[in-house]
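The numbering used here applies: residue 209 is where the sequence shown begins, and numbers increase by one.
What follows is a set of notes on a single structure, which appears directly below.
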Amino acid sequence: MILRKQWACKLGEKLFPNLNEEVQKQVLKECCEQENVYLEQQGGHLYKNVVNVIEKLSQRYKLYIVSNCQDGYIEAFYKYHGLEEYFLDYENPGRTGLSKGENIKLMIERNNLLDAIYVGDTNGDLKAARYAGIPFVYAKYGFGEVSEYDYVIEDFAELLNIF
């Protein structure tokens, strides 16, 4: 499992300030592994209509996931929720060690995408989309505050009306 060094160091220092860096990394690694096991067995809370909307979108568009998660997280998510069939590819820094913007670019290149967009809910998502040179859809119902975007949705199902 690859944890981005800068992220892992900052998180380790914040959560386990009394442990040395090597022990911090090991604890974080074990936490990530346990999180993946839990997600595979218990799943996560999905927004209303997510499965239905993803199914409909996949009939008209090619869908991909780029996330900030650790290696194994997306696979666990797929397994529990049964959504793998709708997505053609995925990427995360846990596999590549790259930033979200770099992973978006990698996804675009790897899949020969000509007309991509990114849906997200944080300034980090906005910056990643801008870095990759693609439009950004702000999911306003999410966790972050974003002041700049190309499109905005108040509910996940609104993705069906944007495109």
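Ideal Cβ positions, reconstructed from N, Cα and C, are used throughout, including at glycine.
- Three or more beta-carbon pairs separated by less than 8 Å are not found between the region 323-342 and the region 298-305, which leaves the two stretches without contact.
- A distance below 8 Å between beta-carbons, with the five flanking residues on each side excluded, links Tyr349 to the following residues of its chain, in chain order: Tyr255, Asp329, Ile361, Glu362, Asp363 and Phe364.
- Around the beta carbon of Gln249, fewer than 16 other beta carbons lie within 10 angstroms, which makes this residue exposed.
- Within the same chain, Asn300 come within 6 Å of Ser275 by CB-CB distance, once the 5 residues on both sides are set aside.
- Annotation for Ala284: the continuous alpha helix (DSSP H) segment containing it runs Tyr281 to His289.
- Taken atom to atom, the span from the alpha-carbon of Glu293 to that of Asn226 is near 44 Å.
- Excluding its 5 nearest sequence neighbours in each direction, Leu271 has C-beta neighbours in its own chain below 8 Å: Ile262, Leu265, Tyr294, Phe295 and Leu296, listed in chain order.
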